[in-house]
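So the sequence lines, in the order shown, correspond to chains A and B. Going by our numbering, the first sequence runs without a break in its numbering and finishes at 980. Going by our numbering, the second sequence runs without a break in its numbering and finishes at 459. Heads up, the beta-carbon is just placed ideally off N, CA and C, and yes, glycines get one too. In this text, all values refer to a predicted model and were calculated from it rather than measured experimentally.
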Amino acid sequence: MKLKLTTLALSALMAAGPAMADLVFPSLSYRTGPYAAGGIPFADGYADYFTLLNERDGGIGGVMTNLIECETGYNTEKGVECYESTKGEGALVYQPLSTGITYQLIPKVTADGIPMHTMGYGRTSAANGEVFSNVFNYPANYWNGASGVVNYLLELNDGDIKGKKLALVYHNSAYGKEPIRTLEELAEKHGFELSLLPVDHPGQEQKSQWLQIRRERPDYVTMWGWGVMNQVAIQEAANIRFPMENFIGVWWSGAEHDVMSAGDAANGYKALTFHNVGRDFPVFHHIQKYVVDTGKAAGAGDQIGTVLYNRGMYAAMLAAEAVKTAQAIHGTADIDASMMRDGMEALEMNEAKMTDLGMPNFGPTFNVSCENHGGPGLVGVTQWDAGSQTWSMISDFKATDGDVIGALVSEDSGAYATENKITPNCG
Amino acid sequence: MPDQFLFATEVFINGLMSGVLYALVALGFVLIYKASGIFNYAQGVMALFAAMTLVGIMDGQVPFSHIINSVFGTNVHHFGWHVPAMLAILLTAGVMVLFAWLVQRLVMRHLVGQEPIILFMATIGLAYFLEGVSDLMWGSEIKKLDIGLPQGGSFWIEDMTAGLGSDNFYGFFIDNLDMVATVVAALLVTGLVLFSQYTKQGRAMRAVADDHQAALSVGISLNFIWVLVWSVAGFVALVAGIMWGTKSGVQFSLSLIALKALPVLMLGGFTSIPGAIVGGLIIGVGEKMFEFAIGPLVGGATENWFAYVLALLFLVFRPQGLFGEKIIERV
């Protein structure tokens, strides 16, 4: 009798078809520590989008998603530990949200055959897919950001910024130093004067830098900051009455919490972006209905529509679209990490696709290829309105200087390939 | 006057103001070290906790709301009232007294007579515990702290001094908040000196600082004095938290202001209140002037490391710091 029951149960299981594993997305988040204010909304957006897909669509291609969150505290060692402890769970793609962790994971993900997506951060020259086979940084990287600032200034000045002064206030770390080389090249090309003002971690004290800005009176200031450095810089700029409309931060210096503590004084401050802002998109109604109202949101649901929530959700959407591409390429819904890599490399984002997803004009349209893991590098500009406490896009996603950036990417990735004995290959 | 001289003067004055802000943090360390020989690693986190509590009380935020909501399925975040700044400061000071009592009752009392390194380790644990509690209690988001303190450069000083140099000189930039911090620091130090000189509790505190065995023998309660000292240090942390929190918003990086106090302590000595002030001023001026004069030649960002170099130089010639008590151990 016992044998008969076991046989019956096994037959029923076999008849149900092959069991599918979940699509696993590790989330290397930081909800604690000095950078939690930026880490929480991103992690919430990333998690809520996958929850939406499960609740509304029954997963992706019929396979449920499974988000594994691991707290890094924005600490590189903890980030590596998170990677090691989750990679065996069938991880499809990593998004470490930290340039420090990214640098440590590049050789690891390459050896393990797992793709990594570093959207708007990480190693910029990873855009060269011939060298960095498993690393993707579409739709934009730091060097696109640097060029985006200069292009925007060119636009404001009828194409001529010769003799203008631009000051870069930057976090004195690998992250903050990323745009320097590009800005130096662009300064030479367009004839503007560049001054560099490093700020040591964490950036709580910036009196010297802003007194220097007050003395030297640059026409524009751009900032590569993160965490408390952003809030202090915006407050100090307001203190010396630097015109906010001439102050442009990179996308990691342009969230609500960066400007709120300066109050009305932050009005007019600008920041770059590679995705849209606000909550006026149909996808947010779905998140509210299927995720927040059902009590399944990662947070309290009060971050929806904020800059970093949108960015986390956008990252999840791009990952989900890469899964769909991989499923189509390989003819199976149950994909592994190497198939995911193929999906990311063949990803096409167009307006029709984004509109279908309830995110019309949410990000730039782009195609990824083996040669170009970074996309076209289109960059937009947003501006803060302290009265309504909202960011709004004041410039569409526009092309950056491919000539300057392309040469720098080739040079840096070539050096990495030589150092690590990698033969560039897109065969 | 040549502009370069005026710019240097401006940097010098701003260095003094920054030094006052560093000294405010260092004062808390000195108070506890002087009275109990404990280097309180948690002083920076106490400033964070105090500032978060102040904003939480002012905004009528429900403490531990995330836990309450997830356990009881409720959705409460605010009481719906706004507490005036002065009342909120008083209530926060009360919370810091309660915190001091708990520290004494639950931690320090059990460690009496232990090696200083054990007590130091206990404060490291306390720092991380308090950081976690702050997060659970008030959340991790950045909060604006506005108790009505003025911010931005003083127009009056700018206008008064604009004529001193050429057209390239705008007049001195002095931050209004820094001036308020200077006045507050002066009042705080005066208050602390008066308290320790002219009150019974203050004298008892000094007695314990000089020789706690002797103090015990004349009937001074060590437990009470430690609660008192931690309470005063908590109040100093609250003042530091208000000043720094107004500048940058109240957020977790606030606990890192302790890093700014370390060179001040090395220079001024761990046992001297005037030392903390003078040390803060020397560090503030030293790092700002070095950045002004040498920074551009070496790529900038010299302030953090130069403060420690300056402190180390003083240490080499005067290990106990400028005003610290010389330690003589007879065998």
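Exposure of residue i, with buried meaning 16 or more beta-carbon neighbours within 10 Å
i       : result
E630(A) : exposed
V311(B) : exposed
I840(A) : buried
W354(B) : buried
D601(A) : buried
G698(A) : buried
L561(A) : Bear in mind that the predicted position of L561(A) carries a pLDDT of just 46, short of 50, making it too unreliable to give a figure here.
Q325(B) : exposed
W944(A) : buried
E708(A) : exposed
K760(A) : buried
V426(B) : exposed
H838(A) : exposed
R584(A) : buried
D284(B) : Here residue 284(B) is Trp; the residue named in the question, Asp, does not match the sequence. That one is exposed.
G916(A) : buried
K842(A) : exposed
Within chain B, partners of residue i - CB distance below 7 Å
i       : result
Q784(A) : I270, S376 and G377
H810(A) : E269 and I270
N792(A) : Q279, G280, G281 and D303
G911(A) : Neighbours of G911(A) on chain B: none; closest Cβ ~26 Å, over 7 Å.
Q880(A) : In chain order: nothing, as chain B lies at least about 36 Å away.
A590(A) : S268, E269, I270 and Q379
Three-state secondary structure assigned by DSSP to residue i
i       : result
I185(B) : helix
F950(A) : strand
C635(A) : helix
P212(B) : coil
Y695(A) : helix
D339(B) : coil
L556(A) : With a pLDDT of only 42 at L556(A), under the threshold of 50, the placement of this residue in the model should not be trusted; the figure read from the coordinates follows. The answer is helix: DSSP assigns L556(A) an H, G or I state.
P777(A) : Looking at the sequence provided, one finds Trp at residue 777(A) rather than Pro. Of the three classes helix, strand and coil, the one that applies to W777(A) here is strand, per DSSP.
M236(B) : helix
T202(B) : coil
I613(A) : strand
M813(A) : helix
A579(A) : The sequence given here has Pro at residue 579(A), not Ala. Reduced to three states, the DSSP call for P579(A) is strand.
V378(B) : strand
G449(B) : coil
S945(A) : strand
Y602(A) : helix
T625(A) : coil
G802(A) : strand
Interface residues of chain A facing residue i [CB-CB closer than 7 Å]
i       : result
S381(B) : P587, P755, Q757, G780 and V781
D287(B) : Within 7 Å Cβ-Cβ: nothing; D287(B) doesn't reach chain A, min ~13 Å.
D295(B) : Within 7 Å Cβ-Cβ: nothing; D295(B) doesn't reach chain A, min ~11 Å.
K162(B) : Neighbours of K162(B) on chain A: none; closest Cβ ~26 Å, over 7 Å.
F135(B) : R768
N432(B) : D753
D263(B) : T585
8 Å Cβ cut-off: residues of chain A touching residue i
i       : result
L366(B) : Per Cβ cutoff of 8 Å: no residues; L366(B) is ~18 Å from chain A at best.
E138(B) : L764
E419(B) : S761
Beta-carbon neighbours of residue i, restricted to chain B and to distances below 8 Å
i       : result
P751(A) : G427, G428 and A429
R767(A) : Y298 and F301
G816(A) : K272 and D274
R584(A) : S268
M813(A) : I270, K272 and G377
Under 9 Å from the C-beta of residue i: neighbouring residues of chain A
i       : result
K416(B) : K760, S761 and L764
L384(B) : P587, H754, P755, Q757 and V781
K388(B) : Q757 and E758
Beta strand (DSSP E) runs contained entirely in the region 735 to 761 of chain A, provided each spans 3 or more residues: Complete beta strand (DSSP E) runs here, min 3: 746 to 752.
Okay, do the region 892 to 899 of chain A and the region 871 to 881 of chain A touch, 3+ Cβ pairs below 8 Å being the bar? Contact check between the region 892 to 899 of chain A and the region 871 to 881 of chain A: three or more CB pairs, one atom from each, fall below 8 Å, which counts as touching.
Given 8 Å, three or more beta-carbon pairs between the region 337 to 352 of chain B and the region 716 to 735 of chain A: no
For the structure I just gave you, are there three or more beta carbon pairs, one from the region 784 to 793 of chain A and one from the region 755 to 771 of chain A, closer than 8 Å? yes
Every unbroken beta strand (DSSP E) within the region 151 to 178 of chain B, with a cutoff of 3 residues, ordered by chain: none
Count the CB pairs spanning the region 929 to 946 of chain A and the region 801 to 818 of chain A that are closer than 8 Å, and state whether there are at least three. yes
The region 737 to 749 of chain A / the region 954 to 969 of chain A touching (three or more Cβ pairs under 8 Å): yes
Within 8 Å, do at least three Cβ pairs link the region 131 to 151 of chain B to the region 691 to 708 of chain A? Under the three-pair Cβ rule at 8 Å, the region 691 to 708 of chain A does not count as touching the region 131 to 151 of chain B.
Would the region 145 to 165 of chain B count as touching the region 437 to 444 of chain B if we require 3 or more Cβ pairs under 8 Å? no
When you compare the region 179 to 190 of chain B with the region 142 to 158 of chain B, are there three or more beta-carbon pairs, one atom per stretch, that lie closer than 8 Å? no
Please list the segments of the alpha helix (DSSP H) lying wholly inside the region 244 to 313 of chain B, counting only runs of 4 or more residues, in order along the chain. 244 to 266 and 283 to 289
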